[in-house]
Structure formats: C-alpha cells, structure tokens
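Numbering (the numbering used here), first residue to last: 3 to 229.
To start, the structure itself, in structure tokens.
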Ligand SMILES: Nc1nc2c(ncn2[C@@H]2O[C@H](COP(=O)(O)OP(=O)(O)OP(=O)(O)O)[C@@H](O)[C@H]2O)c(=O)[nH]1
Ligand SMILES: [Mg+2]
C-alpha cells in the first residue's frame, strides 16, 4: 500500500477574520439586491458569466451577442484584472461595453457593478451580460444582482474541474462545457463532466459548446430563457 496523504485544513479559530468576512458578504448581498431592483425597474434581464481563466467566457458572450443583437438591446460589463482586451473584443460586435478593472481582486462585487451601472444608458437596454474575472472560487460568494448565472468551464482544464470546485456550480442556472472540439486530444470525457455537474446541481442546464465552430450557442441562449 502507498503512503497515506496527510491533509491540513484552514483553522476554525480565526473568529475575527470570519466575522469580518461575514460583514463583507452581507454588505455585498444588500448591494446586489439594490442592483437587481435597479435593473428590474428598467426592464433589464442580466446574466453573470463566471468560469475559470481562459475557459471561453468572452468567446461565448461574443457568440451569444452576435445571435441576439438584432432582437435585443445588449450591453456587456467586462471584469478584468487589468486589461481592456475582452471589452475590445465585445465592442467589435458594436455592443456598448463597460470595463471594470478589479486590480488585485479576483472577482467582481456588487459595489463595482453598482458603479458600472451608473455609466450605462439603462433605459435603452434589454439585456446585460457581466463577465466576471476568470476564477472558479471567489466569484461564487459574491452575487452581483443578476437574474441568472452562467458558468463556463472547458475540457482543457482537465477532468476534475467540477469535483474540485463544486461551489461555483451550486447557484448556476446554466453551465457550458466548452471547447468540446478539443475533448479527444485532451483525453477528457465531457459526458463525465456533465454527470459531475448533475450531482452537484441537478437543476442546472448543461450544454456542450464549441465556440470556435459556433456549436451549442442557441442551446445556451435557450437555457438562459432568452428565446
Ligand atoms: N478550440 C477552441 N478554442 C476556444 C473555444 N472557446 C474559446 N477558445 C479559445 O480559448 C482562448 C480563451 O478564450 P476566451 O473567450 O478569451 O476565454 P475567457 O474565459 O474569456 O478568458 P479570461 O477572460 O482571460 O479568463 C481563446 O484563444 C479562444 O479563441 C472553443 O470552444 N474551442
Ligand atoms: Mg474573458
């Protein structure tokens, strides 16, 4: 038999940190409710798009926007640590974008979205996509005030994304398993990822996508209730 793996967990005695964190999360939830009310008052549907770095969030938003822009008035809020690369990609679709640079933070929060909303012509919009910072851990804890959550993972991240990061999937309405065109070369079985998601969150709709060849885009749009 091989060596047993030793496991160290984070301390449960750090009461001060835990209380501080609880306050921050509570304040964020309150601001998220404010954002949601503001969006609803303007008749806007909003989608928070989350997922790991490079999984295909921008590619999927671009493909969705391309299909919906003739029937919906759309804007995109782009969360990024420093650059405007993703915002520029979306802007190339002729869609208004607001860039939110988070600096050292690994996620967007409701306060940043509140600020972004003040820069937008809300009365002229039907639909807002919010691309969160690429990360499968932090964004899950910070609701932004959106109606629905779309999580994007891809086969290039390997076979254990879902079992290692279940929190990200608890609140997801839709999950895209992206880059299925690369599944064989990666040796990853997308059906197995789908089973893992169903175990964590049986209510989420799971769609296999290949943004490079525009596969599964209509199904994602439908799963988000946008058609
Ligand atoms: N083969 C293949 N490549 C893809 C697919 N979707 C996205 N890509 C490529 O993967 C890379 C990352 O895609 P992005 O859409 O920028 O990913 P992202 O999740 O927005 O990345 P970050 O915002 O940096 O976290 C780009 O080179 C895309 O062209 C896909 O379905 N198949
Ligand atoms: Mg991106």
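Yeah, the Cβ is synthetic: ideal placement off N, Cα and C, and Gly gets one too.
Any non-hydrogen atom of ligand 1 closer than 8 angstroms to residue i Cβ
i, result
"residue 184", "yes"
"residue 211", "yes"
"residue 181", "yes"
"residue 107", "no"
"residue 221", "no"
"residue 125", "no"
"residue 138", "no"
"residue 62", "yes"
Secondary structure of residue i, DSSP reduced to three states
i, result
"residue 206", "coil"
"residue 37", "helix"
"residue 128", "coil"
"residue 69", "helix"
"residue 212", "strand"
"residue 84", "coil"
"residue 158", "helix"
Distance between residue j and residue i (C-alpha atoms, nearest Å)
i, j, result
"residue 223", "residue 214", "17 angstroms"
"residue 135", "residue 6", "36 angstroms"
"residue 201", "residue 62", "24 angstroms"
"residue 180", "residue 8", "34 angstroms"
"residue 219", "residue 65", "7 angstroms"
"residue 221", "residue 106", "35 angstroms"
"residue 57", "residue 37", "27 angstroms"
"residue 35", "residue 147", "6 angstroms"
"residue 230", "residue 70", "One cannot answer for residue 230 here, as it falls past the ends of the chain, which runs 3 to 229."
"residue 273", "residue 98", "In this structure the chain extends from 3 to 229, so residue 273 is not present and cannot be described."
Which residues DSSP lists as bridging residue i, in chain order
i, result
"residue 152", "51 and 176"
"residue 7", "According to DSSP, residue 7 bridges with nothing at all."
"residue 77", "130"
"residue 99", "78"
Go through the residues and name those whose CB comes closer than 5 angstroms to any heavy atom of ligand 2, in chain order. 59, 60 and 88
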